[in-house]
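Number of protein chains: 2
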Amino acid sequence: MENKKEKRRVGERGIRVDCGDTQTRGEMGRKKIEVKLIEDRCNRHVTFCKRRSGLIKKARELSVLCDVEVGLVVFTNRGRLYEFCSGNSLLNIIMRYQRHLQGRSESPIDNDLQERSQSPIDNDLQERSENLIDNGSGAKVSEDLQSLVKNHESDETILVSLGKLLQTIQSQVEEPNFKKLDVTQMMQLENQLEGTLDKIKSQRIEAMIENECWTYSMDMAMDMFNSPSFY
Amino acid sequence: MENKKEKRRVGERGIRVDCGDTQTRGEMGRKKIEVKLIEDRCNRHVTFCKRRSGLIKKARELSVLCDVEVGLVVFTNRGRLYEFCSGNSLLNIIMRYQRHLQGRSESPIDNDLQERSQSPIDNDLQERSENLIDNGSGAKVSEDLQSLVKNHESDETILVSLGKLLQTIQSQVEEPNFKKLDVTQMMQLENQLEGTLDKIKSQRIEAMIENECWTYSMDMAMDMFNSPSFY
DNA sequence: ATCTCTATGTATAACTT
DNA sequence: TAAGTTATACATAGAGA
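Chains R and S, in that order, are what the protein sequence lines are.
Quick note: the first sequence uses UniProt numbering, first residue 1, plus one each step.
Quick note: the second sequence uses UniProt numbering, first residue 1, plus one each step.
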């Protein structure tokens, strides 16, 4: 891959080379273009291919050079997907993104740590599960569950609680002990997860349609989440 | 914005200009760098700022020139978020991404899993879910959790516990109260579920490869899936 | 779609202010 | 910490295979 670059022999490093047939090649070379929709379909597609790979390359470089997490998705107008992520899973980055949004949406003043009314369980579990990631034992789950039961009072915190529980499950899955499970058992678990997932998805989509939030509410939400002076 | 480019007077279009003090400025100019982590923190940060804005600019250009949807997120290692999207909402793009994932087929094994989830068990769940719609209350969750905590003793019961937990979540999802939740929250839950699912899947596949149990385990699994008492 | 090739537009590394 | 400068490295438009 990298070797391909070595093939460059002529014009290396921008040095001009007089080929002798400058007349016939006079049209060649990069032209300046306006940043607006390329009308010609063919040209547009060629440009898309080139720039897409360029963009992904840049994204990768940024993540490597600066040790940052980068997630990138591109949808063509015909629905084809191109993606890149610096880690193993774009989904992880998306999760992180949404957690980030949630954190910001809770209160305009993020530095104010007194958010008792929001979700005590949330913060509590968050901390503990983060601390427990590397010293895993089965007891961890019980602990988390116990505190959950105690703190689980109002309906408003249900989702948050369940979400955090899921995090706990996830770190549980990563533990060595989990590997001892039978393949069949794992598949059973997978099946349950997928079932739950399907339910939530259909409900969510239903809710979005009901609320007509595709065009309106989501935008409002994003306005809230987005600060104008972002970069 | 665009006007800034007009400021260039010297070295415009790459033409060399002898400033007279070439001696003192001999060190200037871009150097080639390796694509690997920049060790110097300060330098890394400067590079990050430059390249981040460059990347976002490229992303914007791609979306405009080629009429494609682009979503980009960058997390610094200290948790700061930078984002870009071609439309008005990154969440829309993320949702589109998730819908895309749902529709696409993965590895052969995963195809099997997906087929399976479309049939018998799914129907079973469907029925149960419908029956549970009107008798839900928050207390139920606590109950389930409580018994979970009690039963959760040895590593061997982890799977059972997790399974029960998922059941709890699932019935919770069916309750009317759940619909009050924010769409964003639901998506977060979805993402967490998917993350957990991915982890389990990869572990399971790994285990299957290790044990060379491709053939016989799948049969066992199919038996299991066809059992009505799965949940 | 992907590669080549030229010529040039742009991004950006190292420095300076 | 951010903005500006210089000189160069890299990306890519246009044309063709």
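Quick reminder that beta carbons are idealized off the backbone N, C-alpha and C, glycines included.
Just so you know, these numbers come straight off a predicted model, no measurement behind them.
### Task
Measure from the alpha carbon of Lys50 (chain S) to the alpha carbon of each residue in R:His45, R:Gly54 and R:Lys58, then state which is nearest.
R:Lys58
### Query
Name the chain S residues whose beta carbon is nearer than 8 Å to that of Glu190 (chain R)?
Leu113, Leu197, Ile200, Lys201 and Arg204
### Query
Helix, strand or coil: how does DSSP classify Val46 (chain R) here?
helix
### Task
Determine the closest residue to His45 (chain R) out of S:Asp67, S:Glu174 and S:Val74, with distance taken between C-alpha atoms.
S:Asp67
#### Entry: Counted within 10 angstroms of its Cβ, other Cβ atoms place Lys199 (chain S) as buried (16 or more) or exposed
buried
### Task
Could you name the residues of chain R that Met28 (chain S) contacts, counting a contact when the two beta carbons are closer than 7 Å?
What Met28 (chain S) touches in chain R: nothing, since even the nearest Cβ is about 17 Å away.
### Length of the line joining the Cα atoms of Glu61 (chain R) and Leu37 (chain R)
27 Å
### Task
Return no unless some Cβ of chain R is closer than 9 Å to the Cβ of Cys66 (chain S).
yes
### Message
Can you confirm whether Lys36 (chain R), when its beta carbon is compared against all beta carbons of chain S, has any partner nearer than 9 Å?
### Response
yes
### Message
In the DSSP assignment, the beta strand (DSSP E) including Leu81 (chain S) goes from what residue to what residue?
### Response
Looking at the DSSP string, the run of the beta strand (DSSP E) that includes Leu81 (chain S) is Leu81 to Cys85.
### Task
Run the CB neighbour count on Lys31 (chain S), radius 10 Å, all protein chains shown included, and call it buried at 16 or more, exposed below.
exposed
### Simplified DSSP assignment, three categories, for Glu174 (chain S)
Three-state result, Glu174 (chain S): helix.
### Task
Could you tell me which chain S residues have their CB closer than 9 Å to the CB of Arg41 (chain R), listed as they occur along the chain?
What Arg41 (chain R) touches in chain S: nothing, since even the nearest Cβ is about 10 Å away.
#### Entry: Contact set between the stretch 73 to 87 of chain R and chain S, restricted to residues whose Cβ is under 7 Å from the partner
Val73, Val74, Phe75, Thr76, Asn77 and Leu81
### Query
Roughly how many angstroms lie between the CA atoms of Asp122 (chain S) and Asp40 (chain S), to the nearest whole one?
Residue placement at Asp122 (chain S) is flagged as unreliable, the pLDDT there being 31, under the threshold of 50; the coordinate-derived value follows with that caveat. Each residue's Cα considered, the two are about 54 Å apart.
### CB contact below 9 Å: Lys58 (chain S) versus chain R
yes
#### Entry: Residue range of the beta strand (DSSP E) that includes Glu69 (chain R)
It spans Glu69 to Phe75 - the beta strand (DSSP E) in which Glu69 (chain R) sits, taken as one unbroken run.
### Task
Could you work out which residues of chain S lie near Asp89 (chain R), taking near to mean beta carbons separated by less than 8 Å?
Reading off the sequence shown, one finds Ser at residue 89 (chain R), where the question assumed Asp. Residues of chain S passing the Cβ test: Gly195 and Asp198.
### Query
If you draw a straight line from the alpha carbon of Arg52 (chain R) to that of Cys42 (chain R), how long is it in whole angstroms?
15 Å
### Query
Is Lys199 (chain S) helix, strand or coil when you go by DSSP?
helix
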